[in-house]
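First the structure, in the form of structure tokens, and then the observations on it.
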Amino acid sequence: MSYWLFKSEPGCFSFDDLKNRPDSTEHWDGVRNYQARNFLRDQVKPGDLVLFYHSNIPEPAVVGLAEVVREGYPDFTAFDPHSEHFDPKSSVAAPIWYMVDVRYVEPMKKPVTLERIKTNPLLSEMPLVKRSRLSIQPVTPEQWQMILAMAGMET
DNA sequence: GCCAACGTTGGC
DNA sequence: GCCAACGTTGGC
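Going by UniProt numbering, the first sequence opens with residue 1, and the numbers climb by one from there.
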């Protein structure tokens with residue numbers, strides 16, 4: 001079982017949006033970066049746990065927990081000319097982009113802001129801190145425990 | 001809204 | 001295959 005951090009702009013898709021989906025489950029589609037794609041296609045598995053991170057807002061933060069419920073499969077929004085994520089180079093026969101399905105678990109008792117993450121020496125190796133724009137990131141068990149502790153959620 | 005980081009594209 | 005131009009992300 002692995003840990004991940006998934007980024008989303010809340011104006012586009014928020015943690016509450018996930019909660020309000022049927023079965024609180026949603027496709028994590030629209031990822032168009034090869035490194036993130038590789039994680040989704042090859043490493044993200046059902047049962048894995050996810051830190052849901054809100055980006056591109058005044059106070060970016062980890063706001064909740066989600067669980068992976070379906071492993072990587074072709075992102076069908078890439079096949080749809082009407083989708084804003086349409087990619088003519090991807091096809092059903094040779095898909096380029098992948099998505100997983102995730103389910104709402106619970107909100108953080110206390111959101112863990114980027115500011116707090118950046119000032120914690122034990123989290124300095126997180127891709128988030130190294131200013132990577134990667135939207136799907138691995139999280140180590142140690143980092144996971146620290147983030148949950150900072151959220152007031154002892155494991 | 002600005003801009004640095006960085007990934008992608010395309011001419012050569 | 002190099003690298004400049006360009007586009008996107010995302011913190012501030």
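Glycine is no exception: its CB is placed at the ideal position from the N, C-alpha and C atoms.
Computed from a predicted structure; not experimentally measured.
Taking C-beta atoms under 8 Å as the contact rule, Leu5 and Leu128 qualify, at a distance of about 7 Å. DSSP places Leu18 in the helix class (H, G or I) of the three-state scheme. A residue is called buried once 16 or more other Cβ atoms fall within 10 Å of its Cβ, and Leu122, having fewer, is exposed. For Met108, the uninterrupted beta strand (DSSP E) run begins and ends at 98-113, by DSSP.
Within a 10 Å sphere around the beta-carbon of Val92 sit fewer than 16 other beta-carbons, which makes this residue exposed.
With contacts defined as CB atoms closer than 8 Å, Ser8 and Ser2 fail to qualify as a contacting pair. The C-beta distance from Val102 to Val50 rounds to 6 Å, short enough to meet the 8 Å contact threshold.
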